[in-house]
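Q:
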Amino acid sequence: ETGVTQTPRHLVMGMTNKKSLKCEQHLGHNAMYWYKQSAKKPLELMFVYSLEERVENNSVPSRFSPECPNSSHLFLHLHTLQPEDSALYLCASSPSGGKNIQYFGAGTRLSVL
Amino acid sequence: GQQVMQIPQYQHVQEGEDFTTYCNSSTTLSNIQWYKQRPGGHPVFLIQLVKSGEVKKQKRLTFQFGEAKKNSSLHITATQTTDVGTYFCAGPAAGANNLFFGTGTRLTVIP
C-alpha cells in the first residue's frame, strides 16, 4: 500500500463512451501526476498539478481532460478515445514539485475497443 | 528535449549471476532516482542520488551517479528470483521541475 489509490483497476470502454479515472492520495503531498505507460514505451508524463493548479500539459490530446478539485484527489476524464489509448494509466504524488520522489498508485489498465 | 536512455532493454540472467543496467541522460541531472516495477505492478521508489560521483548500497544493490551527473548505473550482485522486474532511472534536468523516466531495463532471472 503506497498511500495512493486508483480506481478502477481495470476499465474496458468503447470509443464513444465517457469514463473517468480517479486517484486519491493520503500522504499529504502537494503535487499529483498522470502518466501513461504503454508496452515497449517509457513512462509518458501527461499532466502535473501542483497545489491544485495544472503546471504541465505535455501535448496530450483533448480527449483526455484532467481535474484536480483538491490536493488529495485527481481525476482523468476520458471521452471518444482511440484503441491506441489502451495502456496502463498511473497516478503519482510527491511532496512538492516534480523533482521529488514520486509515489505511484497501482494504476488503471484501460482497454479501448 | 531531454532524453533518458537505458541499456540494455532486456536482460536474462541465471540466478546467482550479477546484473547491471546503465542510464544515460542527454542533459545534466540535478538528481537521479531509481524505481523498480514488478511484473503487473507499479513503479516503486528505490533510491535517490544527488552528488556527483555518489555511490550508495542497498544490500545486494549498488547505485552510482556519474561525475558529470549525466549517467548512472545499478548493479545487482548474485541475483535472486525476487529481483525480477523492470528497473527505471529518472531524473530532472538541472533547473527543470519534472522527472524524465528512462526507457527501463527488464530483468528476468532464471532459477
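Going line by line, the protein sequences match chains A and B. So for the first sequence, the numbering used here puts the first residue at 11; every next one is plus one. So for the second sequence, the numbering used here puts the first residue at 1383; every next one is plus one. Virtual Cβ for every residue (Gly too), placed ideally from N, Cα, C.
Roughly how many angstroms separate the alpha carbons of A/A7 and B/K1441, rounded to a whole number?
A: In the structure displayed, chain A extends from 11 to 123; residue 7 of chain A sits before or after that span and is not available.
Q: Which of the three DSSP states, helix, strand or coil, is assigned to B/T1409?
A: Locating residue 1409 of chain B in the second sequence gives position 27, counting from the first residue. Of the three classes helix, strand and coil, the one that applies to B/T1409 here is coil, per DSSP.
Q: Helix, strand or coil for B/E1436? Go by DSSP, reduced to three states.
A: By one-based count along the second sequence, residue 1436 of chain B stands at place 54. B/E1436 falls in the coil class under three-state DSSP.
Q: Ends of the beta strand (DSSP E) at A/L120?
A: Walking along the first sequence from the start, residue 120 of chain A turns up at place 110. From DSSP, the beta strand (DSSP E) with A/L120 extends over T118 to V122.
Q: Hey, how far is the Cα of A/G24 from the Cα of A/L84?
A: Translated into the one-based positions of the first sequence, residue 24 of chain A becomes position 14. Translated into the one-based positions of the first sequence, residue 84 of chain A becomes position 74. Taking the straight line from one Cα to the other gives about 23 Å.
Q: Across which residues does DSSP place A/N33 in a beta bridge pair?
A: Along the first sequence, one-based indexing puts residue 33 of chain A at 23. Per the sequence shown, residue 33 of chain A should be read as Cys rather than Asn. DSSP lists A/Q16 and A/L84 as partners of A/C33.
Q: Is the beta carbon of A/K109 closer than 8 Å to that of B/L1502?
A: One cannot answer for residue 1502 of chain B here, as it falls past the ends of chain B, which runs 1383 to 1493.
Q: Would you mind telling me which residues of chain B sit closer than 9 Å to A/P112, beta carbon to beta carbon, in chain order?
A: As a position in the first sequence, residue 112 of chain A is number 102, starting the count at 1. Residue identity differs from the one stated: residue 112 of chain A is Gln in this sequence, not Pro. Under the 9 Å cutoff, chain B gives Q1415, Y1417, P1425, F1427, A1472 and L1481.
Q: In the DSSP assignment, the beta strand (DSSP E) including A/S132 goes from what residue to what residue?
A: The structure shown does not extend to residue 132 of chain A, since chain A spans only 11 to 123, so no value can be given for it.
Q: So is A/E34 in contact with chain B if we call contact Cβ pairs under 8 Å?
A: The residue you call residue 34 of chain A lines up with position 24 of the first sequence. Taking Cβ atoms only, chain B never reaches closer than 8 Å to A/E34, which makes this a no.
Q: Please check the pair B/Q1419 and B/T1468, which I expect to be a contact at CB under 8 Å, by giving their CB distance rounded to whole angstroms.
A: Taking the second sequence and counting its residues from 1, the one referred to as residue 1419 of chain B is at position 37. Taking the second sequence and counting its residues from 1, the one referred to as residue 1468 of chain B is at position 86. Indeed they touch by this definition, with Cβ atoms about 5 Å apart.
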